[in-house]
Amino acid sequence: MQRYFVKHRAIDERFSIDEDDRHHIVKVMRMQIGDQIICVDSEGKQAVCRLAEITDTSVVADVVQWKDEVPELPISITIASGLPKGDKLEWIIQKGTELGAHQFLPFSAARSVVKWDEKKAAKKIERWQKIAKEAAEQSHRTLLPKVFSAVSFKALLEKSNDFHYKLAAFEEESRNGETSVLSSTLNQMKKGESLLLVFGPEGGLTDDEVGLLRNNGFAICGLGPRILRTETAPLYALAAISYHFELMR
Numbered sequence: 032m033q034r035y036f037v038k039h040r041a042i043d044e045r046f047s048i049d050e051d052d053r054h055h056i057v058k059v060m061r062m063q064i065g066d067q068i069i070c071v072d073s074e075g076k077q078a079v080c081r082l083a084e085i086t087d088t089s090v091v092a093d094v095v096q097w098k099d100e101v102p103e104l105p106i107s108i109t110i111a112s113g114l115p116k117g118d119k120l121e122w123i124i125q126k127g128t129e130l131g132a133h134q135f136l137p138f139s140a141a142r143s144v145v146k147w148d149e150k151k152a153a154k155k156i157e158r159w160q161k162i163a164k165e166a167a168e169q170s171h172r173t174l175l176p177k178v179f180s181a182v183s184f185k186a187l188l189e190k191s192n193d194f195h196y197k198l199a200a201f202e203e204e205s206r207n208g209e210t211s212v213l214s215s216t217l218n219q220m221k222k223g224e225s226l227l228l229v230f231g232p233e234g235g236l237t238d239d240e241v242g243l244l245r246n247n248g249f250a251i252c253g254l255g256p257r258i259l260r261t262e263t264a265p266l267y268a269l270a271a272i273s274y275h276f277e278l279m280r
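For the record, in the sequence shown the residue sitting at position 23 is 54 according to my numbering, with numbers rising by one throughout.
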């Protein structure tokens, strides 16, 4: 059943859907009055709904049944990626959303080849947010991940103070056989707490960046004995987190 994130809560057990989602329902899916969809409101509550009205500007759907399933991870994960080349960040956002990430925070790292252009920022963020929305709908999420504008490394350190826990993946830790930091951190975490995970771009984080991360309260972790690409490492970590919290219960 097709799923849509609706900006506002249902009023009188009705959802009003407009703009791109209205176009998708009417023009792409070619739905008719009586067809059913799933609506997810801004608080993450979801309901099976039946289309009741279709106009030139909106679609109105009546709630048939509220759903109680909770598909979200019990902790909030923010993926901070050093700006990579090409479309790798889009891949991280799409697959990271499917794996349960709550937020994505790109940052300019010392080894980032791509330079952030503020003039093009709005269009990039709009595209990234659309990718996250489509991935969240496809994977039946009830939370729509937020994609932030890229920040400097200094701003990343400042923003890290907003999180309960913070980790940075560093390939030298993997080479040195570090295996316990990620696991021990997850064992400490409680439902509702937040975790910031930092990953370098191609070439990884520099020694200076790792030193600054340590000085700002980050634990430095390895991700197994193999060296992972910048677009693979966040997905590995999210899969490990899902296994820890959702499959080991």
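Backbone N, C-alpha and C define an ideal beta-carbon position, used for all residues, glycine too. Keep in mind that this is a model prediction, so the values were computed, not measured.
Worksheet item: Do Ser-273 and Leu-104 have their C-beta atoms closer together than 9 Å?
Response: Along the sequence shown, one-based indexing puts residue 273 at 242. Along the sequence shown, one-based indexing puts residue 104 at 73. Cβ distance < 9 Å, so Ser-273 and Leu-104 count as in contact.
Discussion item. Alpha carbons only, please: which of Asp-93, Glu-100 and Gln-134 is nearest the one belonging to Ile-68?
Written reply: Along the sequence shown, one-based indexing puts residue 68 at 37. Ranking Asp-93, Glu-100 and Gln-134 by Cα distance to Ile-68 puts Asp-93 first.
Worksheet item: What are the complete alpha helix (DSSP H) segments, minimum 4 residues, inside the stretch 206–247?
Response: 212–219 and 238–246
Practice prompt. Using the Cα positions of Glu-165 and Lys-116, report the straight-line distance between them to the nearest angstrom.
Written response: As a first step, residue 165 must be located in the sequence shown, where it is residue number 134. As a first step, residue 116 must be located in the sequence shown, where it is residue number 85. Near 22 Å, if we compare the C-alpha coordinates of Lys-116 and Glu-165.
Discussion item. Pop quiz: Ala-163 and Ile-124 are said to be a contact at Cβ under 8 Å. What is the actual Cβ separation, rounded to whole angstroms?
Written reply: Translated into positions along the sequence shown, residue 163 becomes position 132. Translated into positions along the sequence shown, residue 124 becomes position 93. Right, their Cβ atoms sit about 5 Å apart.
Worksheet item: Out of Ile-64, Asp-66 and Leu-175, which has the shortest C-alpha to C-alpha gap to Thr-128?
Response: On the sequence shown, residue 128 is found 97 positions in, with the first residue counted as 1. Ranking the options by Cα distance to Thr-128, first place goes to Leu-175.
Item to complete: Within the stretch 247–280, note down every full alpha helix (DSSP H) run reaching 4 residues or more, in order along the chain.
Response: 264–273
Practice prompt. Pull up the distance between the alpha-carbon of Asn-288 and that of Ile-85, whole angstroms please.
Written response: Residue 288 is absent from the structure shown; the chain starts at 32 and stops at 280.
Discussion item. Using DSSP's beta-bridge definition, name the partner residues of Leu-104.
Written reply: For the purposes of this step, residue 104 is taken as residue 73 along the sequence shown, with counting starting at 1. Note: Leu-104 sits in no beta bridge, so no partner.
Worksheet item: Can you tell me the Cα-Cα spacing of Lys-161 and Lys-155, whole angstroms?
Response: Residue numbering aside, residue 161 sits at position 130 when the sequence shown is read from its first letter. Residue numbering aside, residue 155 sits at position 124 when the sequence shown is read from its first letter. Taking the straight line joining both Cα atoms gives about 10 Å.
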